[in-house]
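There are 2 protein chains.
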Amino acid sequence: MTTYTEKGTAAPAAYFTGTVWVNMNVTPDDGYNINMGTITFEPKARTNWHTHTSGQILFVIEGIGYYQEKDKPIQLIQKGDVIKIPKTVVHWHGASHDSLMRHIALLPDFDKDKTEWLEPVRDDDYNSL
Amino acid sequence: MTTYTEKGTAAPAAYFTGTVWVNMNVTPDDGYNINMGTITFEPKARTNWHTHTSGQILFVIEGIGYYQEKDKPIQLIQKGDVIKIPKTVVHWHGASHDSLMRHIALLPDFDKDKTEWLEPVRDDDYNSL
Numbered sequence: 001m002t003t004y005t006e007k008g009t010a011a012p013a014a015y016f017t018g019t020v021w022v023n024m025n026v027t028p029d030d031g032y033n034i035n036m037g038t039i040t041f042e043p044k045a046r047t048n049w050h051t052h053t054s055g056q057i058l059f060v061i062e063g064i065g066y067y068q069e070k071d072k073p074i075q076l077i078q079k080g081d082v083i084k085i086p087k088t089v090v091h092w093h094g095a096s097h098d099s100l101m102r103h104i105a106l107l108p109d110f111d112k113d114k115t116e117w118l119e120p121v122r123d124d125d126y127n128s129l
Numbered sequence: 001m002t003t004y005t006e007k008g009t010a011a012p013a014a015y016f017t018g019t020v021w022v023n024m025n026v027t028p029d030d031g032y033n034i035n036m037g038t039i040t041f042e043p044k045a046r047t048n049w050h051t052h053t054s055g056q057i058l059f060v061i062e063g064i065g066y067y068q069e070k071d072k073p074i075q076l077i078q079k080g081d082v083i084k085i086p087k088t089v090v091h092w093h094g095a096s097h098d099s100l101m102r103h104i105a106l107l108p109d110f111d112k113d114k115t116e117w118l119e120p121v122r123d124d125d126y127n128s129l
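These protein sequences, in sequence, are chains A and B. At position 76 of the first sequence (counting the first as 1) the number is 76 in full-length UniProt numbering, and the numbers step up by one without a gap. At position 55 of the second sequence (counting the first as 1) the number is 55 in full-length UniProt numbering, and the numbers step up by one without a gap.
This is the structure:
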């Protein structure tokens, strides 16, 4: 049995802005054809823009954050929310300005998924809420 | 966006003992090839013994509960725990005697999964911890 409440290790700086921690809980090596972990974003931290060909599911378990799909407004997300990210849609997620945000992130159908990382979210986009 | 913090609806009595609530958050119709929801067990409530051919992942998000695989002792599980249930292993999960237990439950590779429901967990097995 493992535990998801630890912060884990620093996320790769190439794909994130700010301080982000990743705790991988279920990896493809476990044999379930998924990738599942808990990600903690300190205030103002966020992913780069990116896509998943199999889509992604987020369960927000702590704090307040932002989620945005390309060409749509930023949505406020908070503890209790389930976000179903459509396949291939360009998007980002992260903490709000003043609160950290923690979510479980699930990549389903991992054997078919391709995640593509794009450019960082610029401050003027992040500040547009 | 949906929310996982509601209790949802009563679980089917044929497969559970006691009072259990199911809030389905991601269904196969959503197109992610998973079944994912939040299940709330009131004290002493539990699933029947059962199996999943694709296995199952639990994230305990509230309370204290029990998990048991056939022919092994009951394990105490609590908020923060990730349980990786092996494929085809006969098992049950539920609340402890005095606390409710709430977990996220994920069935991966849903198109290949077959869940088989078996007999209820007898009180003397439930009380064996």
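Where is the CB? At the ideal position from N, CA and C, for every residue including glycine.
Exercise. If B/Arg46 and B/Thr17 are in contact, beta carbons under 8 Å, what's the gap, nearest whole angstrom?
Worked result: 5 Å
For this session: With a cut-off of 8 Å on the beta carbons, I'd call B/Trp49 and B/Val90 a contact; round off their distance for me.
Result: 6 Å
Problem set entry | Nonlocal neighbours in the same chain, by C-beta distance under 7 Å from B/Asp109, ignoring five residues either side | Asn33 and Ser54
Exercise. Could you give the C-beta distance for A/Thr38 and A/Tyr4, rounded to a whole number, given that I count them as a contact under 8 Å?
Worked result: 5 Å
For this session: State yes or no: is the C-beta of B/Leu106 within less than 8 Å of the C-beta of B/Ile57?
Result: yes
For this session: Whole angstroms is fine: what's the gap from A/Thr9's alpha carbon to A/His103's?
Result: 15 Å
For this session: Could you name the residues of chain A that B/Ile104 contacts, counting a contact when the two beta carbons are closer than 8 Å?
Result: Among the residues of chain A, those whose CB is under 8 Å from the CB of B/Ile104 are Phe59 and Ile104, following chain order.
Exercise. How would you write the range of the alpha helix (DSSP H) that A/Asp124 sits in, first residue to last?
Worked result: In the DSSP annotation of this structure, the continuous segment of the alpha helix (DSSP H) that includes A/Asp124 starts and ends at Asp123 to Tyr126.
Exercise. When DSSP builds the beta bridges, which residues end up paired with A/Tyr66?
Worked result: A/Leu76 and A/Gly94
Exercise. Is the distance from the Cβ of B/Asn25 to the Cβ of A/Val82 below 8 Å?
Worked result: One thing to note: B/Asn25 has its Cβ within 8 Å of the Cβ of A/Val82.
Exercise. How about A/Lys79 and A/Thr40: are their beta carbons less than 8 Å apart?
Worked result: no
Problem set entry | Burial state of A/Ser128 (16 or more Cβ within 10 Å) | A residue is called buried once 16 or more other Cβ atoms fall within 10 Å of its Cβ, and A/Ser128, having fewer, is exposed.
For this session: State the DSSP-derived secondary structure class of B/Asp71, mapped to helix, strand or coil.
Result: coil
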